[in-house]
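Data block below; observations after.
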Amino acid sequence: MTDFKDRERAEEAKFAMDEETAFKVAARRNRLLGEWAAGLMNLTEEETDAYKKAVVQADFEEAGDEDVIRKLLGDLTAAECDVSEDDIRAKLEEKAIEAKRQFMSES
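Quick note on this note's numbering: the sequence shown kicks off at 2 and runs consecutively.
Shown next as structure tokens:
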């Protein structure tokens with residue numbers, strides 16, 4: 002019985018670690034995405050730092066990436082940047098890969 006309990010605890014610990022890793026990678030991806038968008042909007046360094054945090058916060062509104070995409074599209078449109086939703090989705094995928102690479106190189 003203890004083998005089963007040990008295995009169960011190990012699985013729970015692995016699940017928690019996987020969830021934490023996914024959260025950290027998504028947050029890093031969102032910061033990278035915010036930095037990209039801030040560059041398009043010609044924000045100052047201070048504004049860029051604040052904007053990256055705002056993009057990370059936007060991801061807490063609902064499950065999935067739609068809240069982040071909606072924020073970026075609205076902000077970039079308001080700043081009169083010529084960026085489509087498809088452009089943002091492509092950049093989201095690119096930044097996800099970059100965030101995973103960065104996270105793996107630090108671990």
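Backbone N, C-alpha and C fix where the C-beta goes; we use that ideal spot for every residue, glycine too.
Grab me the residues of residue i's own chain with a C-beta within less than 6 Å of its C-beta, minus the 5 sequence neighbours each way, in chain order.
{"i": "Ala-80", "result": "Met-42"}
Short of 8 Å in beta carbon distance, which residues of its chain neighbour residue i, apart from the five on each side in sequence? Order them along the chain.
{"i": "Trp-37", "result": "Lys-92, Lys-96"}
{"i": "Asp-56", "result": "Checking the sequence shown, residue 56 turns out to be Val, not Asp. Taken in chain order, the residues that qualify are Asn-31, Arg-32, Leu-34, Gly-35, Ala-38, Val-69, Lys-72, Leu-73."}
Considering only residues of the same chain and omitting the five flanking positions on each side of residue i, which have a CB-CB separation below 7 Å?
{"i": "Leu-44", "result": "Tyr-52"}
{"i": "Asp-66", "result": "Leu-93"}
Against chain B, does residue i count as a neighbour if the rule is that its beta carbon must be under 8 Å from one of theirs?
{"i": "Ala-100", "result": "Absent from the structure: chain B. Only one protein chain is present."}
Would the region 83–101 count as touching the region 24–42 if we require 3 or more Cβ pairs under 8 Å? yes
Touch test, the region 76–89 against the region 7–17, Cβ-Cβ under 8 Å, three pairs minimum: no
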